[in-house]
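Student:
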Amino acid sequence: MKRFRRLRTSQALRTLVQETYLNPQQLIQPFFVIEGAKKKETIEAMPGIYRYSVDLLLKELEDYTRLGGQAGLFFGIPDSKDPLAKESYSKSGIMQRAIAAIKKKFPHFIVITDICLCGYTDHGHCGLIHNKKIDNDKTLPILGKMAVAQAEAGADIVAPSDMMDFRVKQIREDLDKNGLTDVAIMSYAVKYASSFYGPFRDALHSTPQFGDRKSYQMDYANKREALKEAKQDIEEGADFIMVKPALAYLDIIALLREHILNPIVAYSVSGEYSMIKAAAQKKWINEQDNVTESLTAIKRAGADLIITYYAKDMLKWNKLLADGS
Ligand code: PBG
Numbered sequence: 005m006k007r008f009r010r011l012r013t014s015q016a017l018r019t020l021v022q023e024t025y026l027n028p029q030q031l032i033q034p035f036f037v038i039e040g041a042k043k044k045e046t047i048e049a050m051p052g053i054y055r056y057s058v059d060l061l062l063k064e065l066e067d068y069t070r071l072g073g074q075a076g077l078f079f080g081i082p083d084s085k086d087p088l089a090k091e092s093y094s095k096s097g098i099m100q101r102a103i104a105a106i107k108k109k110f111p112h113f114i115v116i117t118d119i120c121l122c123g124y125t126d127h128g129h130c131g132l133i134h135n136k137k138i139d140n141d142k143t144l145p146i147l148g149k150m151a152v153a154q155a156e157a158g159a160d161i162v163a164p165s166d167m168m169d170f171r172v173k174q175i176r177e178d179l180d181k182n183g184l185t186d187v188a189i190m191s192y193a194v195k196y197a198s199s200f201y202g203p204f205r206d207a208l209h210s211t212p213q214f215g216d217r218k219s220y221q222m223d224y225a226n227k228r229e230a231l232k233e234a235k236q237d238i239e240e241g242a243d244f245i246m247v248k249p250a251l252a253y254l255d256i257i258a259l260l261r262e263h264i265l266n267p268i269v270a271y272s273v274s275g276e277y278s279m280i281k282a283a284a285q286k287k288w289i290n291e292q293d294n295v296t297e298s299l300t301a302i303k304r305a306g307a308d309l310i311i312t313y314y315a316k317d318m319l320k321w322n323k324l325l326a327d328g329s
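Under the numbering used here, the first residue of the sequence shown is numbered 5, with each subsequent residue one higher.
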């Protein structure tokens, strides 16, 4: 007789037949960087996540790398924002200084940088504005300059998240022209216009001052577009393809896994973090179990890497398990 429960009888057996494993070293922690010194600011909508000035960021990275963290995704928050996002590519910009400091102290740590104008423009949109519209083609050279500035400061991977058409092509060409041929591109190819980004915009002070992001981010009702975006970005030179958000988009991750060969990165975004955190704080769910289950599901759907605000916690929990405590 066939009996499914036979292989579920003990933990050892269950481990033997486990199909999907989470490797905490394939998780990527996002970090928010601000100007100044000795600053560690709380983010109300994201308990446990902070904005760090560069000196304290380096301290935090000491912790993170000691636990086994190998990669981080960095967002800069400049003091001054303007319509043209000048701080995004200035040599003395917050990100460029942070990257140089990180690579000096942790030369092997993989620095991934977000490329987008929304944290740098005073209007909070991801592109330049012309006649009250987001101007795709005028935005491209700024994104290219931002990528070159970050790569020159030492970034290993640049991650465009703005959703302008042809930005990957522009960034690849600009990097190559400047001799930065080894810098990889992790494209937020499949990025939906999502309410799950709410807490992040609080963290970055990047809520758009007018309108929304629906003219450039994708409509969450659509699936075929995901494959078209991913294929186009690969043609333009993307090394990694990202899907964002993650947990509500497992069908999209699975679809891409079937059709593309590049590593797939899933971004489990701020809203996903904050929902689990809030429920856990109320003791309505078990945080560690829920995070492990959620991340395993994202992996099972086909993601190779996962960007998650729980990366450091996962490393910590894993270490505790390994130490047997
Ligand atoms: C920048 C960007 C956003 C996120 C990553 N890069 C916000 C947005 O598009 O509004 C969201 C990340 C998160 O919610 O954790 N465009």
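Just so you know, even glycine gets a beta-carbon here, dropped at the ideal spot from N, CA and C.
Taking the alpha carbon of I311 as the reference point, which residue from Y277, V172, M50, D59 has its own alpha carbon closest?
Tutor: Sequence index remark: in the sequence shown, residue 311 carries index 307 (1-based). Nearest option by C-alpha distance: Y277.
Student: Can you find a heavy atom of the ligand PBG that lies under 7 Å from the Cβ of D214?
Tutor: Counting from 1 along the sequence shown, the entry for residue 214 is found at position 210. For the sequence presented, residue 214 should be read as Phe rather than Asp. No - the ligand PBG has no heavy atom lying nearer than 7 Å to the Cβ of F214.
Student: Could you check where the alpha helix (DSSP H) with P145 kicks off and where it finishes?
Tutor: Here residue 145 is taken as the residue at index 141 of the sequence shown, counted from 1. Residues 140 to 157.
Student: Between R205 and the ligand PBG, is the CB less than 7 Å from at least one heavy atom?
Tutor: Taking the first residue of the sequence shown as 1, we reach residue 205 at position 201. Within the cutoff, so yes.
Student: Where do the ends of the alpha helix (DSSP H) carrying S298 lie?
Tutor: Here the question's residue 298 lines up with position 294 in the sequence shown. Segment 291 to 305, the alpha helix (DSSP H) holding S298.
Student: What ranges does the beta strand (DSSP E) occupy inside the segment 30 to 56, keeping only unbroken runs of at least 3 residues that lie completely in it?
Tutor: Listed in chain order, the complete beta strand (DSSP E) runs (minimum 3 residues) inside the segment 30 to 56 are 31 to 38, 44 to 46.
Student: Give a yes or no on contact between the segment 151 to 166 and the segment 180 to 189, applying the rule of three or more CB pairs nearer than 8 Å.
Tutor: Result yes; three or more Cβ-Cβ pairs closer than 8 Å.
Student: Assess, as a yes-or-no matter, whether the segment 97 to 117 is touched by the segment 75 to 83 under the definition of 3 or more beta carbon pairs within less than 8 Å.
Tutor: These segments touch.
Student: Please classify A270 as buried or exposed, where buried requires at least 16 neighbouring CB atoms within 10 angstroms.
Tutor: Numbered from its first residue, the sequence shown carries residue 270 at position 266. Buried: at least 16 other Cβ atoms inside 10 Å.
Student: Does any heavy atom of the ligand PBG sit closer than 7 Å to the C-beta of G52?
Tutor: Along the sequence shown, one-based indexing puts residue 52 at 48. It does not: the Cβ of G52 is nowhere closer than 7 Å to a heavy atom of the ligand PBG.
Student: DSSP state of L184, grouped into three classes?
Tutor: On the sequence shown, position 180 is the one that residue 184 refers to. L184: coil per DSSP, three-state reduction.
Student: For G72, does the three-state DSSP call read helix, strand or coil?
Tutor: Numbered from its first residue, the sequence shown carries residue 72 at position 68. If DSSP states are grouped into helix, strand and coil, G72 belongs with coil.
Student: If you drop the 5 nearest sequence neighbours on each side, which residues of the same chain put their C-beta closer than 6 Å to that of R205?
Tutor: On the sequence shown, residue 205 is found 201 positions in, with the first residue counted as 1. Once the five neighbours on either side are set aside, the close Cβ partners of R205 are T211.
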